[in-house]
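Numbering (mature numbering (1 follows the signal peptide of the UniProt record, and there is no 0)), first residue to last: -19 to -1, 1 to 301.
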């Protein structure tokens, strides 16, 4: 008991001598929302793609070989011998190519189309190796032989056709605008003085850069990066193909809305290495079969019906 009293007296004496301890000063830290890695303002005109070709025309298919019976010496025979079709796809574009967080599996219209092309070669849709490529990596992946083809919302342009061979279009998208609600943005003209996001290496940036007056443009690596930036207030809108925007809208309907008329058409094609013309003809033959036997419609209903009623597959146009 005496010890406790002594300790209490010492503590009281020290407190009296030193004074009451000062209360800690409040520190205010302003949170900073960092931009996604690789995001940058676009100050120079991206490649726009010219109109000196019939961009939707492709090589006419010949007699379509049966699965497992590819012509000897053909690109398809080499793929058959390897045992897998290697396809470049996306993992961040909802509805076309995204990774299911619950299963870890890639899914979407483009992914299902890639599986159907594997079915055309092997008779088995699972004989496909899906490799994730960014928009900026598509041409390099084909030219360096990293993939056999790219099925990744790949818009056909005349400039791209000088470097990559394309199938006939399997989907025609429309470039539109995804804006925050109550932003005042209703048309492309309303983008003047606004900040707009698009993925680097896409035709969307070129179309936006051509607007007069031009908005402030930011380029990123993935469309989900644009979604993060608009949610953090770092940009006012996103502009690209309507189907891509619909996939982003599905993730934040509370704050975003799809607005404006089409800025332009975007035909999607399967990209193939320029030298592999036999593979282009084969893919076109497979797409013809998908249009005729209802496979295209089945893929649409499985992946895209929430966007709008099916427009039906695009009509193929061929050149010899």
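Glycine included, every Cβ here is placed at the ideal spot set by N, Cα and C.
Enclosing alpha helix (DSSP H) for residue i [first to last residue]
| i | result |
| --- | --- |
| residue 121 | 119 to 124 |
| residue 90 | 90 to 103 |
| residue 180 | Where residue 180 is concerned, there is no enclosing alpha helix (DSSP H), although the beta strand (DSSP E) it sits in stretches over 176 to 180. |
| residue 60 | 56 to 63 |
| residue 274 | 258 to 274 |
| residue 212 | 204 to 212 |
Endpoints, beta strand (DSSP E) assigned at residue i
| i | result |
| --- | --- |
| residue 249 | 237 to 249 |
| residue 185 | It is not in any beta strand (DSSP E) - residue 185 instead sits in the alpha helix (DSSP H) that spans 184 to 190. |
| residue 50 | Note, residue 50: premise wrong, no beta strand (DSSP E); not H, not E. |
| residue 160 | 152 to 161 |
| residue 198 | 197 to 201 |
Reduced DSSP category for residue i - H, G, I as helix; E, B as strand; rest coil
| i | result |
| --- | --- |
| residue 300 | strand |
| residue 221 | strand |
| residue 112 | strand |
| residue 285 | coil |
| residue 41 | coil |
| residue 16 | coil |
| residue 252 | strand |
| residue 146 | strand |
| residue 136 | strand |
| residue -3 | Any reading at residue -3 needs caution, since the residue's pLDDT is 46, under 50, leaving its predicted position unreliable; the model's value is listed next. In the structure shown, residue -3 sits in a helix (DSSP, three-state: H, G or I). |
Beta-carbon proximity check, residue i vs residue j, cutoff 8 Å
| i | j | result |
| --- | --- | --- |
| residue 113 | residue 72 | yes |
| residue 253 | residue 146 | yes |
| residue 125 | residue 144 | no |
| residue 155 | residue 222 | yes |
| residue 41 | residue 299 | yes |
| residue 23 | residue 199 | yes |
| residue 238 | residue 175 | no |
| residue 90 | residue 111 | no |
| residue 240 | residue 166 | yes |
| residue 151 | residue 294 | yes |
| residue 188 | residue 228 | no |
| residue 211 | residue 196 | no |
| residue 192 | residue 169 | yes |
| residue 233 | residue 208 | yes |
| residue 99 | residue 93 | no |
| residue 281 | residue 136 | no |
Residue i beta carbon near the ligand GTP (any heavy atom closer than 7 Å)
| i | result |
| --- | --- |
| residue 194 | By its list of ligands, the structure shown contains no ligand whatsoever, and the ligand GTP lies outside what it can speak to. |
- Task: Any chance you could list the beta strand (DSSP E) runs of at least 3 consecutive residues sitting entirely within the stretch 66 to 90, in chain order?
- Result: 66 to 70, 78 to 80
- Contact the stretch 39 to 55 vs the stretch 262 to 273: 3+ CB pairs below 8 Å: yes
- Specify whether the stretch 210 to 227 and the stretch 276 to 291 touch according to this definition: at least 3 beta carbon pairs, one from each stretch, less than 8 Å apart. yes
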